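To keep things clear, I will list the structure first and then write my remarks on it.
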Amino acid sequence: AAGGAASTTGFWDGPPLVSAAALGDSNTGMHLLIGLLAALLHREKTGRGQRVTMSMQDAVLNLCRVKLRDQQRLDKLGYLEEYPQ
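Numbered per the numbering used here, the sequence shown finishes at 109, counting up by one with no gaps.
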């Protein structure tokens, strides 16, 4: 049995495969950059600064929605076309 991203990877007759990509790190940076750009735009329009914080847990939780959707479709269809076997 596998959960999370690993539950939608690999082949039917083998174990799940885990990505070597550091999704948490890069995704957190991307979310932080979006927040910083929004804060800069806010400062430009209002003259007031903002504090921007970002946690890796929040950023990764956003990614989980994609895998939860995939898992729901996998349970219903038995396969996903975008993940060829």
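Glycine included, every Cβ here is placed at the ideal spot set by N, Cα and C.
No experiment lies behind these values; they were computed from the predicted model shown.
Self-check item: Supposed close pair Thr-52, Ala-83 - CB separation, criterion 8 angstroms
Solution: With a beta-carbon spacing of about 4 angstroms, Thr-52 and Ala-83 fall inside the 8 angstroms limit used to define contacts.
Quiz item: If we ignore side chains and look at the alpha-carbon of each, how far apart do Leu-57 and Phe-35 end up?
Solution: 36 angstroms
Quiz prompt | Anticipated Cβ contact below 8 angstroms, Leu-60 with Leu-87, distance rounded | solution = With a Cβ gap of about 20 angstroms, Leu-60 and Leu-87 do not count as contacting.
Practice problem: Go ahead and pull the three-state DSSP assignment for Ala-46. | Solution: coil
Practice problem: Measure the Cβ-Cβ separation of Ala-63 and Gly-71 and say whether it is below 9 angstroms. | Solution: no
Quiz item: Is DSSP giving Glu-68 helix, strand or coil here?
Solution: helix
Exercise. Give, in chain order, every unbroken run of the alpha helix (DSSP H) that is at least 4 residues long and sits entirely within the region 52–102.
Key: 80–101
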